[in-house]
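Per the numbering used here, the sequence shown starts with residue 340, numbered consecutively.
Glycine included, each C-beta is placed from N, C-alpha and C at the ideal position.
For clarity, every value in this text was computed on a predicted model and none was experimentally measured.
Here the structure is laid out as structure tokens; the discussion comes afterwards.
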Amino acid sequence: MGSIGKVLYQQARRPFWQRHPVVAACAVAATAWLLLNGAHVLVAVIGIAWLALAIRRRRRAIALRDAGLRARAEYEHLLSLRGDPRGIYGRYPPVQQGWYPDPRNRCRLRYFDGAMWTGYTASAGQ
340 MGSIGKVLYQ QARRPFWQRH PVVAACAVAA TAWLLLNGAH VLVAVIGIAW
390 LALAIRRRRR AIALRDAGLR ARAEYEHLLS LRGDPRGIYG RYPPVQQGWY
440 PDPRNRCRLR YFDGAMWTGY TASAGQ
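See below:
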């Protein structure tokens, strides 16, 4: 479960230019200088290489995410075959019945029977 948790709960990283604004500004300046001096082919080759690297990283990240999802689905399938309710609901069990803050009036409590809100209410102090 450790590697699955890393895949499914990964924090999204900020783009490179936001993490390293000085480097990004220097790259833009160098690109502009190369284009003004006629090095169009060099800029195109570097751009294509950067694009290929970005596509490769994206495909690898998608494959890793999909492998984690498949592993989690297999784990939950095995749990459901054993009769464990975690195999049916996964990491998100259904909401249990009980008294919850009323969606219409936060000063009151309303009883939720596990499927829908009932007409039974009580003040929050009771």
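- Considering only 373, 443, 463 and 425, the residue with the shortest C-alpha distance to residue 411 is 425.
- Between the segment 416 to 425 and the segment 435 to 452 there are fewer than three C-beta pairs closer than 8 Å, too few to call the two in contact.
- By the C-beta density criterion, residue 448 is buried, having at least 16 other C-beta atoms within 10 angstroms.
- Assigned with DSSP and collapsed to three states, residue 440 falls in strand.
- Short of 8 Å from the beta carbon of residue 457, and not among the five residues preceding or following it, lie these beta carbons of its own chain, in chain order: 449, 450 and 451.
- In the three-state DSSP reduction, residue 458 falls in the strand class (E or B).
- Taking the Cα positions, residue 394 is about 10 Å away from residue 387.
- For residue 428, the enclosing alpha helix (DSSP H) stretches over residues 425 to 428.
- Taking 8 Å as the cut-off, the Cβ atoms of residue 382 and residue 370 count as close.
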